[in-house]
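There are 2 protein chains.
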Amino acid sequence: MKNLFYAFLFFFCIQSVQAKDGYDLWLDYSSIKTPAIRSEAESFFSGIYFFGKNPTYNAIQFEMEKAIPIMIGKSPIYATDRINSAKMWLGTREELAQVIGLDQQMEIKNLGDEGYWMGPIEFQGKTYFSIIGNKPIGVLYGVFRLLQEIQREQIDFKEELSDSPKVKIRMLNHWDNLDRTVERGYAGFSIWDWHKLPGYVDPRYIDYARANASIGINAVSLTNVNANAWILRPDFIEKVKVLADIFRPYGIKVYLTARFSAPIELGGLETADPLNSEVAAFWKEKVGMIYKAIPDFGGFVVKANSEGQPGPHEYGRNHAEGANMLADALAPYKGLVIWRAFVYSHEIDEDRHKQANLEFEPLDGKFKENVIIQVKNGAIDFQPREPFHPLFGAVKSTNLGMEFQITQEYLGQATQLVYLGTFWEEVLKSNTYRPKSSSTVAKIIDGTDTGQKLTLMAGVSNIGTDRNWTGHLFGQSNWYAFGRLAWDPYLSSEKIAEEWSELTFGPKLSGIEKIQGIMINSHEAAVNYMTPLGLHHIMGRSHHYGPGPWVEGGRADWTSLYYHRAGSDGIGFDRTSSGSNALNQYAPEIAEVWSDPKKIPEKYLLWFHHLPWDFELKSGNSLWKEITLHYDQGVKSSRSFLQTWQSLENVIDEERFDHVNQLLKIQIKEAEWWRNACLLYFQTFADRPFPSEIEQPEGDLEYYKSLSFPFAPGIKPNW
Amino acid sequence: MKNLFYAFLFFFCIQSVQAKDGYDLWLDYSSIKTPAIRSEAESFFSGIYFFGKNPTYNAIQFEMEKAIPIMIGKSPIYATDRINSAKMWLGTREELAQVIGLDQQMEIKNLGDEGYWMGPIEFQGKTYFSIIGNKPIGVLYGVFRLLQEIQREQIDFKEELSDSPKVKIRMLNHWDNLDRTVERGYAGFSIWDWHKLPGYVDPRYIDYARANASIGINAVSLTNVNANAWILRPDFIEKVKVLADIFRPYGIKVYLTARFSAPIELGGLETADPLNSEVAAFWKEKVGMIYKAIPDFGGFVVKANSEGQPGPHEYGRNHAEGANMLADALAPYKGLVIWRAFVYSHEIDEDRHKQANLEFEPLDGKFKENVIIQVKNGAIDFQPREPFHPLFGAVKSTNLGMEFQITQEYLGQATQLVYLGTFWEEVLKSNTYRPKSSSTVAKIIDGTDTGQKLTLMAGVSNIGTDRNWTGHLFGQSNWYAFGRLAWDPYLSSEKIAEEWSELTFGPKLSGIEKIQGIMINSHEAAVNYMTPLGLHHIMGRSHHYGPGPWVEGGRADWTSLYYHRAGSDGIGFDRTSSGSNALNQYAPEIAEVWSDPKKIPEKYLLWFHHLPWDFELKSGNSLWKEITLHYDQGVKSSRSFLQTWQSLENVIDEERFDHVNQLLKIQIKEAEWWRNACLLYFQTFADRPFPSEIEQPEGDLEYYKSLSFPFAPGIKPNW
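Those protein sequences? They're chains A and B, same order as listed.
Using the UniProt record's numbering, the first residue of the first sequence is number 1, and each one after it goes up by one.
Using the UniProt record's numbering, the first residue of the second sequence is number 1, and each one after it goes up by one.
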């Protein structure tokens, strides 16, 4: 009977969590199956002792109440004294000073404000499993790590484990508008319900904070970089304060976007000139008002003089003058200015690729120390694949931060499974050859090679009101991977895929490695059916949904023709010295190799070279044939993903299986659409047949060109 | 041990459903506590036999699989034969013809296509609990009723029970735009994810169909009446078809809004003149295309020549000519035209109140038989309280349908608890004196007094992407009440509140009657703090959020001043013969009584009369004093709701308790805001002190006037 009892209970546990709609993310705790881990965990969780009291410890307790009953079938028990009833110790180094040795204190101190140490501590003949940080937030990070290790059923409670973040500011950039639309958002609408704030606190805000803290994200910018000044009004700051109060115990600071022209729009001034004293006074007053409500406010994120946004150029001032004026206002409160390097003027430069370096290299050393320049991973705009941005390594005395795009604006939006970990790893591992010959983007970002103290990795959020947060279940893996890489830019994307998939589907899921396989191959597949061999910016206009290699008219550098330059003579953008010479913005070691179309990695070929259709590639194939093979391979890969997924039908819960299954079918259609549209279009220039090895592109080019999507998500439609 | 086992199981059942986020609506099945009902249900559900096969029976089975395991702790068992293993019979009258008597067949036949009968049937010495309809949909309705009766723990399986709807078309009107914004929607965004359709079917679509079917809603119009013609394009019809396919087994037909100018926008014609043969051909082709995809398509909902929407007037044609042209296109497929009576022209009429009657009375008898005129409950626009629309009873040979607004555009939107059942009951029970002296609005709507066969009740949906569907948990009660009143317009709102609250919170909840008490009193409270004594249309401009009695400028009948006409001489809109004489559009019996400010029900006083501030009311109070007392009472009522709710803290689950608790606090603030703003404003005309009995209005009128909400939900902001 007793066995039946537990059998039933177990069955019921399973049943009761069957409705897996993805809301719980990677915090979807489940019952631990490995007996040894389960019983050890059960023992430690029966005597949890906190060495202090503070809101972050309350957050730890809240998390334990959620996790532990599900993991081990029993509620956590809190010890009333540190010795007799305690089995697990939680606290800061200072709080535990009396029970740990000096060496260990030193070891922990070196982990910094956000690091943690965990392991067994022997004290007066008894072992206490302990999690210690230098600050409470370190303890929280440690507890999340512990829960993850237990959940993945790989913990050894006898071993010591410590970690600390390599990047200081690990930030989500929401491109959320105040009317709850999200620019380039594909998971519904903004989770910030401004209208109901401050009176109504959606429980989702807390789950959002939990999820971020669990992967080490410690900063969020709540509003769109194409900002509305309204967010800086007192009534909105009152709303922001509520969010900041919720996020604080989770170690998350709030940032806001600052519209450069706010002094005019909100302050009634006639100018926003950064050197005007009234303008400076306006910002000082605003900043003071904000800090009064939010004493740990993070600072401003600014997009200025880019794509029509206002900025210092209107007044003949440069980016440094603009940023420094805001920095002065924020400095007394230790606030930061995060100034975006994604700039290009109304007048079209010869090559948009060069714009950021042209504007920011001359300003090197001129920015105040509480300013960070936030640089997109590549020089164009979050294309499916881009070589790293040439600003990395080009400046010496300027704080540079990385901006990745988690939301899949150009990578299938919410209908495609594209794991971005591999792509980001590729960027971070890219050798910059500056400042040191061994330098990589990661070593610049985390300050290793630059000595930069104020470090930043920002990701443009893919989060919305969809129940599963990210629209596509696998979009969660990109949120997760971003957080993990911001914490440690040297992590391998395979390891991250392993972690995420195990936490999401369970470590013992038979076939979990198949899921990881799909993830690892998904980015290359998407690049193949979208923009192989260095092609870029050939998507549909405005909404960026689907292929649009024929897009022309209007501003040149917003068209596809500008970027692919296909003609009877060949295809590709010449950025060598015979062309725009953007290559020259990279280190000479790179410029030299990449200048040669026979030596450049072929994934970047058409990014830098305009080549004839019969140019011979390493494979011996002509350029035309290689292009067609890549597009065809992309489609085949997407089909293989579906096939692999369907082999998991009986091991994955029905709701999530079906969700991904439907989306993978859409992905195949969209991959075919990309292939057919692009190849039929390029064929009109190449004037060559499709090779027999590939599936012949179907359909009519005019039909593909006729498709229109005025209500595609992520944009503000005009109607 | 066995007891412990069940005790634990029971405990676990409770635990496992603790996270009550409101998604499950009134279908939030829970364990049955009454032993007799539980065991009887257990018995019947162990031998369910379907007399036939069809998709609606699959839907029944789906529902049973959801409900029964939770209700009785055991899965349903399906019988393989109708006699031996069967204990419950489900099927249509025809399917069961061999096992039921002729009298009973007759009785069931009289219940019509959608009616159901349930009860015990004796056959060859054995009793079968049976649910029988004339069509499968009747069986589904019967099953939902059965589950509700069991859930409310009030069923007697020995008794017979039958019911059938009194109104033929019971419809939700979604005001959802194709970009997923919702006009006057306060629960997030449109649940129709057009972009991902047809490839991706959100499980929510099925839950939506279940919820509607469970209360008898059998029609939905998917798109906004301020329609975009795009919905009629083939690519969108392909998406609509997927929804229609999902809804069909649940007895729900899909309707679309038709933009009158679509022949120009989509067809490339130069005119949309309904008498133009190319225009007629355009619509015939469109309709044919739609029916090819959706053979049971319901028809079109049309807003024409109103608030700037295109219509037949542009071509010198009248509403009948416009509607009949569409009706001709739809007639071969038995499709309907639902033509809205909410019309007013660009030129301001003397009194907007009169517009619909002026336009539609002369057209009586001129509409085709597949046209229904959909009339809002009152003549202005869904104000907190309106007298019934004078079109009801004014026409003899025109199909009239009712349009209620479920979404609380003018009634607190999603931050206020306002149960609308009481208000709708008030409207439906209103005596029209036409066509019979005993006629009521309900008797016109359901055809009792008119002989009208094609009957309709439509409700403007309050549904959005919010997890709990309606923003405010109690918004669900309005969706529920609408469905129930559409099914039976004679139901009492108290009974409906009882049903909904029991299904939502559990029939055995101690204090359930307190919840019902809040509901029943909530509409009167809102009217008191918003628009007492017949005041109307004094809300904020455009977004309609909060008070705006000072709104002036622009089109006169979009201002507040136009409606309240406050001045030193008094307040109110004179619609008697000395004023606009709109009263004359009602039956003489009404016009006579309501013309007299001493006889008219005081709730309509200022709707029809302009009266001096010292006019004496039945209470003996002056008009000024009575107005202040009403506003003050509204605030006090809202405070009492919170107090009552908080007395339930320990009996309601934490998540829903906290949700409503937060919103009731907001409601009090908003009630105070209404009271303070309106009384301070009206005082500037009344020039009298506030009576000492009331809480003195606080704040500064200029401050209230300065508040602005450009990002309020439910509108398209301009920025």
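Backbone N, C-alpha and C define an ideal beta-carbon position, used for all residues, glycine too.
Note that the coordinates shown come from a computational prediction; the quantities given were computed from them, not determined experimentally.
Asked: Other residues of its chain near A:Ser438: CB distance less than 7 Å, five sequence neighbours each side excluded; Found: none
Asked: Within 9 Å of chain A by C-beta, residues of the segment 581-603 of chain B in sequence order; Found: none
Asked: Beta-carbon neighbours of B:Phe189, restricted to chain E and to distances below 8 Å; Found: The structure shown contains no chain E; the protein chains it does contain are A and B.
Asked: Integer-rounded CB distance, given that B:Phe423 should sit under 8 Å from B:Arg484; Found: Between B:Phe423 and B:Arg484 the Cβ distance is about 14 Å, and since that is not below 8 Å, they are no contact.
Asked: Closest by C-alpha distance to A:Phe657, when choosing among A:Tyr631, A:Gly251, A:His472; Found: A:His472
Asked: Every unbroken alpha helix (DSSP H) inside the UniProt domain "Alpha glucuronidase N-terminal" (25-146) of chain B [4 residues or more]; Found: 35-44, 55-72, 102-109
Asked: Min CB distance A:His544 to chain B below 8 Å; Found: no
Asked: CB of A:Val418 within 8 Å of CB of A:Ala244, strictly; Found: no
Asked: Local conformation of A:Trp339 per DSSP, three classes; Found: strand
Asked: Close Cβ partners of A:Arg93 (< 8 Å) along its chain, the five nearest in sequence each way excluded; Found: Ile100, Gln105, Ile108, Lys109, Ile132, Gly133, Asn134
Asked: Reference A:Lys354; option with closest CA among A:Ser39, A:Asn584, A:Trp175; Found: A:Asn584
Asked: Within 7 Å of chain A by C-beta, residues of the segment 72-95 of chain B in sequence order; Found: none
Asked: Separation of A:Arg38 from A:Leu9, as counted between CA atoms; Found: Because A:Leu9 carries a pLDDT of 43, less than 50, the predicted location of this residue cannot be relied on, and the following value inherits that uncertainty. Their Cα atoms are separated by approximately 16 Å.
Asked: Pick from B:Asn377, B:Asp381, B:Pro263, B:Arg152 that is closest to B:Met402, judged by C-alpha positions; Found: B:Asn377
Asked: Under 8 Å between C-beta atoms of B:Lys286 and B:Leu336; Found: no
Asked: Proximity below 8 Å, CB of A:Val220 to CB of A:Met171; Found: yes
Asked: Chain-ordered chain B contacts of A:Trp194 [CB-CB under 7 Å]; Found: Phe711
Asked: Near-chain B residues of the segment 385-417 of chain A - C-beta to any C-beta below 9 Å; Found: Gln413, Ala414, Thr415
Asked: Anticipated Cβ contact below 8 Å, A:Gln151 with A:Tyr29, distance rounded; Found: 6 Å
Asked: Rounded Cβ spacing between A:Leu269 and A:Glu321 (contact assumed at less than 8 Å); Found: Actually they do not touch by this definition, with Cβ atoms about 17 Å apart.
Asked: 6 Å Cβ shell around A:Ser493 - same chain, five flanking residues per side excluded; Found: Gly421, Thr422, Glu425
Asked: Helix, strand or coil at B:Ile169 [DSSP, three-state]; Found: strand
Asked: Minimum C-alpha distance to A:Asp700 - residue among A:Ala677, A:Phe682, A:His609; Found: A:Ala677
Asked: Pairwise C-alpha distance: B:Ser214 and B:Arg145; Found: 7 Å
Asked: The segment 528-536 of chain A / the segment 625-632 of chain A touching (three or more Cβ pairs under 8 Å); Found: yes
Asked: Assigned secondary structure, B:Tyr333 (DSSP; H/G/I helix, E/B strand, else coil); Found: helix
Asked: Sequence ranges, beta strand (DSSP E) only - wholly within the segment 192-228 of chain B, length at least 3; Found: 219-221
Asked: Euclidean distance between Cα positions of A:Ala458 and A:Arg259; Found: 19 Å
Asked: B:Ile666: contacting residues in chain A (beta-carbon distance under 9 Å); Found: Lys196, Gly199, Tyr200
Asked: C-beta contact flag for B:Ile518 and B:Phe641 at 8 Å; Found: yes
Asked: Contact set between A:Tyr669 and chain B, taken where Cβ atoms lie within less than 8 Å; Found: Checking the sequence shown, residue 669 of chain A turns out to be Lys, not Tyr. Under the 8 Å cutoff, chain B gives Gly199.
Asked: Contact between the segment 41-49 of chain A and the segment 73-80 of chain A (3+ Cβ pairs under 8 Å); Found: yes
Asked: A:Tyr128 versus A:Met118 - alpha carbon distance; Found: 10 Å
Asked: Closer than 8 Å to chain B by CB, A:Phe10; Found: For A:Phe10, the predicted structure reports a pLDDT of 42, less than 50, and the residue's modelled location is therefore unreliable. The matter cannot be settled from this model.
Asked: Cβ neighbour criterion (16 or more within 10 Å) applied to B:Val301; Found: buried
Asked: DSSP three-state assignment for B:Thr257, whether helix, strand or coil; Found: strand
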